[in-house]
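*Asks:* Everything in the sequence shown is counted per our numbering, starting at 344 for the first residue and increasing by one.
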Amino acid sequence: VIQIDARGNVVGMRFTKNSGDNTFDDYVTRAVKDSSPFPSPPEEMARTVRSGVGVRFPL
């Protein structure tokens with residue numbers, strides 16, 4: 344789950360289920376943080392985005 348503020352900055356991130364490969368999980372974490380800031384979310388999504396957005400990486 345990635346939490347993004349109104350300006351698109353990542354303010355939190357957590358795995359609900361990790362991949363089982365710590366190196367891969369570290370790369371994912373680093374990639375998300377390095378991609379910040381994201382585009383600002385639309386106003387109608389602001390509350391949802393503050394709560395967190397689930398992102399699935401199918402393996």
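Where is the CB? At the ideal position from N, CA and C, for every residue including glycine.
#1: Which residues in the same chain have their Cβ closer than 7 Å to the Cβ of proline 380, if we skip the five residues on either side of it in sequence?
#2: Are the CB atoms of isoleucine 347 and proline 385 nearer to each other than 8 Å?
#3: For asparagine 361 and tyrosine 370, I'd like the C-alpha separation in whole angstroms.
*Replies:* Concretely, from the data shown:
#1: Counting from 1 along the sequence shown, the entry for residue 380 is found at position 37. Non-local beta-carbon contacts of proline 380 in its own chain, meaning distances under 7 Å to residues more than five positions away in sequence, involve Arg350, Gly351 and Asn352 in chain order.
#2: As a first step, residue 347 must be located in the sequence shown, where it is residue number 4. As a first step, residue 385 must be located in the sequence shown, where it is residue number 42. Result no, Cβ atoms of isoleucine 347 and proline 385 do not sit closer than 8 Å.
#3: The residue given as residue 361 occupies position 18 in the sequence shown. The residue given as residue 370 occupies position 27 in the sequence shown. Approximately 12 Å between the Cα atoms of the pair.
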